[in-house]
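Last residue of the sequence shown: 464 (the numbering used here), numbering continuous.
Beta carbons are placed, not taken as given, at the ideal position from N, Cα and C, and that holds for glycine.
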Amino acid sequence: MTDFHYIFIESLRNTYEAGGVVMLPILLAGVVGFYFLFASWLRIGSDFFKNDIHKVVRRMQRNLTGEKSDAGTELNSDEHRIQATLKNLRKRGGFLSRELSYAIEIAQKNYDEFRDYMQVRMMKSVRYMEQGNHIVMVMAAAAPLLGLLGTVTGMVSTFEVITLYGNQNPVLMADGISEALISTQSGLLIAFPLTLLKQRLDERIEILKQEMELGATVIDNYFAARANETDAENSRFTRHCEP
């Protein structure tokens, strides 16, 4: 361990001790809050950072309807278009692409059960993304309140010293003032990034939710039109076969 690391660790330890009894719950609030925050990031995956989320559904729609694919070639067969769409979604990766590719596979296997199944699936997916987010919000709100509690306890200690020894010796009052300031600072340092990152997480979850709903609608429309065309062809074939 270098001198720098030793000095840094000692500084953290001295700060923790100077903050008083509320430093432990403040740190616990920070640990719990950031744990659930990073857990939500890991569940969302790379879509938390990607900027092309709004383009995923449009690309999928172009591939399904037979427009120019990413390779620049026309895909005339329905099966070819579906397989190319699945390939492009899997190649991109991320939470949204995974859910859309899964929806296409379900619609391809059994379209009659697609709508009911995907409603349940999307509800579970949104609940999966939002799991533990309320705890992040609670910890972000609790951290500054605990810091305020430390401010109060520090000032109480300061006034007790003044009552016993007067205000002629500022060294005796330094501990209480230090406790008040450090605990307040620690609570704000934890609450500020938690609040900002939680806001970013909520925005990203809302975008993913909207895109999943839009993608499910596009898939539903495509396979509904495909089913209607199949029924029409079967009807024409049946009429031609009748004597």
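Alpha-carbon to alpha-carbon, residue j and residue i
| i | j | result |
| --- | --- | --- |
| Ser-404 | Thr-416 | 18 Å |
| Thr-236 | Gln-304 | 59 Å |
| Leu-285 | Tyr-443 | 7 Å |
| Gly-387 | Glu-231 | 32 Å |
| Met-244 | Gly-371 | 8 Å |
| Arg-425 | Leu-435 | 15 Å |
| Glu-300 | Thr-438 | 19 Å |
| Val-377 | Leu-248 | 22 Å |
| Leu-402 | Pro-246 | 16 Å |
Nearest to residue i (by Cα), restricted to the options the options
| i | options | result |
| --- | --- | --- |
| Ala-395 | Leu-429, Thr-379 and Thr-306 | Thr-379 |
| Glu-320 | Ala-362, Arg-302, Tyr-443 and Ile-265 | Ile-265 |
| Leu-369 | Ala-412, Ile-440, Met-343 and Ile-356 | Ala-412 |
| Tyr-323 | Arg-313, Glu-334 and Met-339 | Met-339 |
| Arg-283 | Val-243, Arg-302 and His-275 | Arg-302 |
| Val-347 | Ser-298, Leu-422, Pro-391 and Phe-270 | Leu-422 |
| Gly-353 | Met-344, Tyr-443 and Val-253 | Val-253 |
| Val-359 | Val-439, Ala-250 and Met-344 | Ala-250 |
| Tyr-349 | Phe-270, Tyr-256, Leu-263 and Ile-274 | Leu-263 |
| Phe-255 | Ala-401, Glu-400, Leu-410 and Val-357 | Val-357 |
| Ala-270 | Gly-241, Phe-316, Leu-367 and Ser-298 | Residue 270 is actually Phe in this sequence, not Ala. Phe-270 has its Cα closest to that of Phe-316, out of Gly-241, Phe-316, Leu-367 and Ser-298. |
| Lys-308 | Arg-280, Glu-334, Ala-328 and Phe-257 | Arg-280 |
| Ile-398 | Leu-409, Ala-363, Val-382 and Ile-274 | Val-382 |
Residue burial classification, residue i (beta-carbon count within 10 angstroms, cutoff 16)
| i | result |
| --- | --- |
| Ala-292 | Below a pLDDT of 50, predicted positions are generally treated as unreliable, and Ala-292, at 46, falls in that range; the measurement from the model is reported next regardless. Under this definition Ala-292 is an exposed residue. |
| Pro-391 | exposed |
| Met-344 | exposed |
| Ile-325 | buried |
| Lys-419 | buried |
| Leu-429 | buried |
| Ala-446 | exposed |
| Glu-238 | exposed |
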